[in-house]
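Enquirer: First the structure, which I've put down as structure tokens, then a few questions once you've had a look.
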Amino acid sequence: MLEFMEGSHAVAEIVKRCRPQVIAAYPITPQTHIVEDLAQMVANCELDAEYITVESEFSALSACLGASAAGSRVYSATTSQGLALMFEVCFNAAGMRQPIVMTIANRSLGAPLSIWNDQQDSISLRDSGWLQFYAEDNQEAADLHMIAYKVCEDHDILLPAFVCFDGFILSHTYEPVALPTQEEVDAYLPAFNPYQRLDAEAPLSFGMYATPEYYTEFRYEIDQAQYRAKEAFVKAGREFGEQFGRDYSALVEGYRLDDADTALVAMGSICGTAKDAVDEMRDAGKKVGLLNIRMFRPFPAPEIADALKGVSTVAVLDKNISLGSGGAVGTEVKAALSGSNQAVYDYIIALGGRDVRKRDIAAVVDLAEKGKGDMFYGLRTEVL
Amino acid sequence: MAEVEQGCELLSAGHRACGGCGPALAARLLLKATGKNVIIAAATGCMEVFSTPYPETAWGVPWIHSLFENNAAVASGIEASLKKQGRSEKVVCIGGDGSTLDIGVLCISGAFERGHDITYICYDNEAYMNTGIQRSGATPYGASTTTSPAGKCSLGNQHQKKDMPRILAAHGAPYVATASIAYPNDFVQKVERAINTPGPCYIQVHTPCCTGWGFESGETLSMAKLAIETGLWVNYEMVDGEVVKAKKVMRKPVEEYLAKQKRFRHLFKPTRQDGVIANIQAIADANAERFGIDIKRKGSSE
Amino acid sequence: MALRVGCASPPGRALENKTGAWRVFKPVFEPEKCSKCGMCAMVCPEGCVRETEEGTFEPDLDYCKGCGICEEVCPKKSIRMEKEEK
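Chains as they are written, first to last, in this note's numbering: chain A, -15 to 368; chain B, 6 to 307; chain C, 13 to 98.
Encoded structure:
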């Protein structure tokens, strides 16, 4: 049954059904509605969890790490500056192999201060060891949490994950969402079964330091677990489809790509606008398609190369900028397509909440087809 | 005096602390007090490094290290998790003075304000020893460290120790105490009291560092004792914010303590710095006044 | 052997590191002078002073770093430090 609700509420409702035992979160726009909803659920005894009202995002993730190591399923949510404050803990939690699931209501990073959406925050943590999933709409945002717990807690994976959905554009937008029942979620997601935990009955030292004789191998093992997560995600996404009718087994999802000459590549809610723009361009006779990257970490390079193999021109929409280098997604897509004869262009777009309309997408396609790219799109003329 | 169990070593030998390490002794005593039913949340620092190079852990109890400044937050999560699971382990944080008084204050303040049932032990060796004896908020006035060196224009560290016990007592901590490895049974008893007091408790234990302070490794305990005997360290307990007990001493002049340590050598050579020594004596006098530690000599005119 | 996930380890492994090799001076215990107070065992930072069946004490020289704290605290002066002969 579809219900009309805010994206943040949909996420909170699904998180509740995933039965986290410890939640630690700190308020930051535009993540607040999720953690407020969860706090109310705990206050109403709808959710039997310890809710720690920490004094910072740094402590939010640190507390999650401790609770996870002690044997609890944990949850947090953040964005932007909050995620930046967690930087150190992010690398640590991944290295300590704690299966933490955290929602990122994507937002830009200052300066200048901006509360509005782009994907700079989570993309800046791309080297941290966290799995990263990006939702196109609120249904997917909600569903990905169940899949994330399943993948992260797999004893062959044991990594944390960001479930990313665009701040305001999704988090504060009302859409129809199908919420599974508690019984349905329980049937999909088993109770947390920690691989190892802090336990006086079976003591272990967690988070020791590694000398040069060991450090590289620990990093290697995290990297290997990242790659294994692709397979685990495909499996969990397929099982999800079998149970709920919405299949997420694709790490990347093509839209009207089959006979396309030009492909847009994007992540998150911009894909919705891009699909409409593709439809219009198709109606006008242009052979354009879209590739939606659902999983950014591990990066599905072979899957992207395979999905794009028929196109001659690729236009990557990057809602982030690696200053002094270019968009991060574009850089990685170019690497994935290296050795092909395809023309790949990168467009820095929609930073800090700048709206993207269908005609902007069409304009990007025009630029790419003219061989113009690797640029900021739509800059105000006074800086040119 | 609590009976200290012999023979049961929950911190095993083979750790890589310097010979004569005060913090290593504090860790051993801590585990004598807690026994096995404990989870330790450690901060980065000397103790973490000397006890846990992979895979050679010295810890016989569950132990976790995450970062330098977050053990109180990690412990908050552990405590919440244990509560949810109905488990009985005590949660004890351990961190050095740099971790506790400087970089970790945010997390500690949050954990104490929220009232988690944890005990935080700060082993205070009065500088960042792990990185090479840099000044911390716990470095005493006048001490030369590698970032507060004595020199032609400097007489060492210009600031007094941060009063962390009072800060945490002001958070509403039900039990706050200072201790010293010079009095091992007292420290063990205080840890036992702290872990059995509901709510967040704090113990700052003075742990001289022969390497960082500059004295012979065999003198670790005598140096800790001298700190107490001069009034530069006071062993006391605070219950619900009030000082209830402080160890009384026949005070010696601070010079007896200072002159034995390389970190204070510049106060005596090449020229005697009477002004600085007097300032340090004034700190000891103020401690004595605040905590009422002086034993009056019989027949003394004072 | 595979590495333990998350750089974790079970207890006891530190014992593989025989720190006795660090020693320059070694403690020589004279049981006949010992009052059996146990201070030496209590304050050893290595925890490597053991009680004997007679109730006196002896160091485990596999781990003793020779710091001399036991000598310093012994009320009966029954421990003396001697230059290690290697």
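Quick reminder that beta carbons are idealized off the backbone N, C-alpha and C, glycines included.
Do A184/A and V66/B count as a contact pair if the criterion is CB distance below 8 Å?
Expert: Numbered from its first residue, the second sequence carries residue 66/B at position 61. Numbered from its first residue, the first sequence carries residue 184/A at position 200. Yes; because the gap between Cβ atoms is below 8 Å, this pair is in contact.
Enquirer: From K253/B to E261/B, what distance separates their C-alpha atoms?
Expert: Position 248 of the second sequence, counted from the start, is the residue given in the question as residue 253/B. Position 256 of the second sequence, counted from the start, is the residue given in the question as residue 261/B. Here the alpha carbon of K253/B sits roughly 18 Å from the alpha carbon of E261/B.
Enquirer: Tell me, which residues are paired with N276/A by DSSP?
Expert: Position 292 of the first sequence, counted from the start, is the residue given in the question as residue 276/A. Beta-bridge pairing links N276/A to E237/A and A250/A.
Enquirer: If I follow the unbroken alpha helix (DSSP H) through S309/A, where does it start and stop?
Expert: The sequence position of residue 309/A within the first sequence is 325, counting from 1. First-last for S309/A: undefined, no H or E at that position.
Enquirer: For Q180/A, which residues in chain B fall below 9 Å Cβ to Cβ?
Expert: Locating residue 180/A in the first sequence gives position 196, where the first residue counts as 1. Chain B residues near Q180/A: none, gap ~10 Å exceeds 9 Å.
Enquirer: Answer with buried or exposed for Y361/A, where buried requires no fewer than 16 other C-beta atoms within 10 angstroms of its C-beta.
Expert: Position 377 of the first sequence holds residue 361/A. By the neighbour-count rule (16 or more Cβ atoms within 10 Å), Y361/A is buried.
Enquirer: Look up D140/A in the DSSP assignment and say whether it is helix, strand or coil.
Expert: Position 156 of the first sequence, counting from 1, holds the residue named residue 140/A. Reduced to three states, the DSSP call for D140/A is coil.
Enquirer: Please report how far the alpha carbon of V298/A lies from the alpha carbon of G204/B, in whole angstroms.
Expert: Along the first sequence, read from residue 1 onward, the residue named residue 298/A stands at position 314. Along the second sequence, read from residue 1 onward, the residue named residue 204/B stands at position 199. V298/A and G204/B: Cα-Cα distance of roughly 59 Å.
Enquirer: Do we get a CB-CB distance below 8 Å when we pair Y211/A with the residues of chain C?
Expert: Indexing the first sequence from 1 puts residue 211/A at position 227. By this cut-off, Y211/A is not an interface position.
Enquirer: Let me check understanding here. Comparing Cα to Cα, which of D279/B, L272/B, K303/B and R256/B lies closest to D290/B?
Expert: The count along the second sequence starts at 1 and reaches residue 290/B at position 285. The option with the nearest alpha carbon to D290/B is R256/B.
Enquirer: Quick one: Cα of E307/B to Cα of I300/B, how far?
Expert: Counted from its first residue, the second sequence places residue 307/B at position 302. Counted from its first residue, the second sequence places residue 300/B at position 295. For E307/B, the predicted model reports a pLDDT of 46, less than 50, meaning its position is unreliable; a value from the coordinates is still stated below. Rounded to the nearest angstrom, the two C-alpha atoms are 11 Å apart.
Enquirer: Helix, strand or coil for Y193/A per DSSP?
Expert: If you number the first sequence from 1, residue 193/A lands on position 209. DSSP places Y193/A in strand when its eight states are reduced to three.
Enquirer: Taking its Cβ as the centre, do 16 or more other Cβ atoms sit within 10 Å of E10/B, making it buried, or is it exposed?
Expert: Numbered from its first residue, the second sequence carries residue 10/B at position 5. Note that E10/B has pLDDT 42, beneath the 50 cutoff, so the model's placement of it is unreliable and no number is given.
Enquirer: How many angstroms separate the CA atom of R48/A from the CA atom of H129/A?
Expert: Here residue 48/A corresponds to residue number 64 of the first sequence, with the count starting at 1. Here residue 129/A corresponds to residue number 145 of the first sequence, with the count starting at 1. Residue 48/A is actually Cys in this sequence, not Arg. Spanning the two alpha carbons is a distance of roughly 16 Å.
Enquirer: Curious, which full-length alpha helix (DSSP H) runs of at least 4 residues does the region 59 to 91 of chain A contain?
Expert: 64 to 69 and 71 to 79
Enquirer: Would you tell me roughly how many angstroms separate the C-alpha atoms of L36/B and K45/C, rounded to the nearest one?
Expert: In the second sequence, counting from the first residue as 1, residue 36/B sits at position 31. In the third sequence, counting from the first residue as 1, residue 45/C sits at position 33. L36/B and K45/C: Cα-Cα distance of roughly 30 Å.
Enquirer: With C-beta atoms as the reference, is Y207/B less than 8 Å away from L173/B?
Expert: Within the second sequence, the letter at position 202 stands for residue 207/B. Within the second sequence, the letter at position 168 stands for residue 173/B. Yes, Cβ-Cβ distance for Y207/B and L173/B is below 8 Å.
Enquirer: What did DSSP end up calling S90/C once you bin it into helix, strand or coil?
Expert: The count along the third sequence starts at 1 and reaches residue 90/C at position 78. S90/C falls in the coil class under three-state DSSP.
Enquirer: Quick one: what's A291/A bridged to in DSSP?
Expert: Taking the first residue of the first sequence as 1, we reach residue 291/A at position 307. According to DSSP, A291/A bridges with nothing at all.
Enquirer: Going along the chain, which residues of the region 16 to 40 of chain A sit with their C-beta nearer than 9 Å to a C-beta in chain B?
Expert: D32, A33, E34, Y35, I36, T37, V38, E39 and S40
Enquirer: Please report how far the alpha carbon of A285/A lies from the alpha carbon of A234/A, in whole angstroms.
Expert: As a working note, residue 285/A is residue 301 in the first sequence. As a working note, residue 234/A is residue 250 in the first sequence. About 13 Å.
Enquirer: Starting from the Cα of K293/A, find the closest Cα among S324/A, Q166/A, E237/A and V340/A and give me that residue.
Expert: As a working mapping, residue 293/A is identified with position 309 in the first sequence. Nearest option by C-alpha distance: S324/A.
Enquirer: Using DSSP bridges, identify the partner residues of E(-10)/A.
Expert: Residue numbering aside, residue -10/A sits at position 6 when the first sequence is read from its first letter. Y158/A.
Enquirer: Taking just the CA atoms, how far does E197/B sit from T97/C?
Expert: Start at 1 with the first residue of the third sequence, and residue 97/C comes out as number 85. Start at 1 with the first residue of the second sequence, and residue 197/B comes out as number 192. Note on residue identity: the sequence assigns Glu, not Thr, to residue 97/C. Approximately 42 Å between the Cα atoms of the pair.
Enquirer: Can you confirm whether R3/A, when its beta carbon is compared against all beta carbons of chain B, has any partner nearer than 8 Å?
Expert: Taking the first sequence and counting its residues from 1, the one referred to as residue 3/A is at position 19. No, R3/A does not count as interfacial toward chain B.
Enquirer: Are S149/B and D102/B closer than 8 Å when you measure CB to CB?
Expert: In the second sequence, counting from the first residue as 1, residue 149/B sits at position 144. In the second sequence, counting from the first residue as 1, residue 102/B sits at position 97. No.
Enquirer: Is the beta carbon of F37/C less than 8 Å from the beta carbon of K95/C?
Expert: Here residue 37/C corresponds to residue number 25 of the third sequence, with the count starting at 1. Here residue 95/C corresponds to residue number 83 of the third sequence, with the count starting at 1. Yes, these two residues count as a Cβ contact at 8 Å.
Enquirer: In the DSSP assignment, what are the bridge partners of F37/C?
Expert: Reading the third sequence from its first residue, position 25 is the one you call residue 37/C. In the DSSP output, where bridge partners are listed per residue, F37/C has K95/C.
Enquirer: How many angstroms separate the CA atom of F73/B from the CA atom of L106/B?
Expert: Residue 73/B sits at position 68 when you count from the first residue of the second sequence. Residue 106/B sits at position 101 when you count from the first residue of the second sequence. The straight-line gap from Cα to Cα measures roughly 12 Å.
Enquirer: Does L15/C have its Cβ less than 8 Å from a Cβ in chain A?
Expert: By 1-based counting over the third sequence, the position of residue 15/C is 3. Output row for L15/C: interface = yes.
Enquirer: Starting from the beta carbon of L49/A, find every residue of chain B whose beta carbon is closer than 7 Å, and list them in chain order.
Expert: If you number the first sequence from 1, residue 49/A lands on position 65. What L49/A touches in chain B: S71, V79 and G82.
Enquirer: Does the contact criterion of 3 or more C-beta pairs under 8 Å hold for the region 108 to 128 of chain B versus the region 75 to 94 of chain B?
Expert: yes
Enquirer: How far does the beta strand (DSSP E) with H211/B in it extend, from its first residue to its last?
Expert: Along the second sequence, one-based indexing puts residue 211/B at 206. First-last of the beta strand (DSSP E) with H211/B: C206 to H211.
Enquirer: With a threshold of 6 Å on Cβ separation, who are the neighbours of A155/B within its own chain once the five nearest residues in sequence on each side are excluded?
Expert: Position 150 of the second sequence holds residue 155/B. If we look at A155/B and ignore the five residues flanking it on each side, its Cβ neighbours are S149, G161 and H271.
Enquirer: Look at G50/A and I200/B and say whether their C-beta atoms are less than 8 Å apart.
Expert: By one-based count along the first sequence, residue 50/A stands at place 66. By one-based count along the second sequence, residue 200/B stands at place 195. G50/A is not a Cβ neighbour of I200/B, given a cutoff of 8 Å.
Enquirer: What would DSSP say about K95/B, mapped onto helix, strand or coil?
Expert: The sequence position of residue 95/B within the second sequence is 90, counting from 1. Correct three-state label for K95/B: strand.
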